[in-house]
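Engineer: Residue numbers (our numbering): 79 to 254.
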């Protein structure tokens, strides 16, 4: 090794080349297969290590999804008849009940308060938002709000009428 000089190094290279030339095709295949299997084992070991590294992340995501469940998303059908006393109206908090009579109304989406619905509410003789509106419409002097906090409107009554007393007593009767 040491002291071989320039010629010794060249001779060693020639010998190594000769050995590799003497190796047959079969030996080369065995050598290549051995190298390939070692590479495959290293790749598998690297993949296992990757899985081990990702395990805490997977556990974190699982725990987060259990702790904070997603809101159920479903289509809400805001159509049909409803009662202005029903809470939530139309069976969903996403809907509103527009009264057409004292105890009956129809369901709509709040964003669907189109100009035609607004016009119908303005023209309805008993729907009101204030006492002044009742007096302006000529259907009473008292705007009694529905006990349902989802309702934006009330019903016009005369302040001394028996109907108003019955209307105001109704939430207590319903809750019993």
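Glycine is no exception: its CB is placed at the ideal position from the N, C-alpha and C atoms.
Can you check which of these residues, 206, 228 and 216, is closest to residue 222 by C-alpha distance?
Structural biologist: Nearest C-alpha to residue 222: 206.
Engineer: If the criterion is Cβ atoms closer than 8 Å, does the pair residue 186 and residue 178 meet it?
Structural biologist: No.
Engineer: DSSP puts residue 177 in a beta bridge; with which residues?
Structural biologist: Partner(s): 183.
Engineer: Following the continuous alpha helix (DSSP H) through residue 31, name the residue where it begins and the one where it ends.
Structural biologist: Residue 31 falls outside the range modelled here, since the chain spans only 79 to 254, and no answer is possible.
Engineer: Give the secondary structure of residue 156 by DSSP, where H, G and I count as helix, E and B as strand, and everything else as coil.
Structural biologist: Note: residue 156 maps to coil in three-state DSSP.
Engineer: Within 8 Å, do at least three Cβ pairs link the stretch 216-234 to the stretch 158-171?
Structural biologist: In short, these stretches touch, since the Cβ pair count reaches three.
Engineer: Measure the alpha-carbon distance for residue 247 versus residue 182 and round it to whole angstroms.
Structural biologist: One C-alpha to the other measures close to 18 Å.
Engineer: Answer with buried or exposed for residue 218, where buried requires no fewer than 16 other C-beta atoms within 10 angstroms of its C-beta.
Structural biologist: The residue is buried, with at least 16 neighbouring Cβ atoms inside 10 Å.
Engineer: Grab me the residues of residue 199's own chain with a C-beta within less than 8 Å of its C-beta, minus the 5 sequence neighbours each way, in chain order.
Structural biologist: These residues qualify, in order along the chain: 176, 205 and 231.
Engineer: Can you name, in chain order, every residue of its own chain whose Cβ lies under 8 Å from the Cβ of residue 224, other than the five neighbours on each side?
Structural biologist: Counting only Cβ-Cβ distances below 8 Å, and skipping sequence neighbours, we find 162, 163, 177, 231, 232 and 233.
Engineer: Please return the same chain residues whose Cβ sits closer than 8 Å to the Cβ of residue 236, not counting the five positions on each side in sequence.
Structural biologist: These residues qualify, in order along the chain: 218, 219, 220 and 242.
Engineer: Which term fits residue 131, buried or exposed, when burial requires 16 or more other beta carbons within 10 angstroms of its beta carbon?
Structural biologist: That one is exposed.
Engineer: The beta strand (DSSP E) that contains residue 234, what's its start and end?
Structural biologist: Start and end: 232-235.
Engineer: Which residues mark the beginning and the end of the alpha helix (DSSP H) in which residue 212 is found?
Structural biologist: Where residue 212 is concerned, the enclosing alpha helix (DSSP H) stretches over 209-215.
Engineer: Compute the Euclidean distance between the alpha carbons of residue 209 and residue 203, then round it to the nearest angstrom.
Structural biologist: C-alpha separation (whole angstroms): 13 Å.
Engineer: Could you pull the DSSP bridge partners for residue 206 from this structure?
Structural biologist: Paired residue(s): 232.
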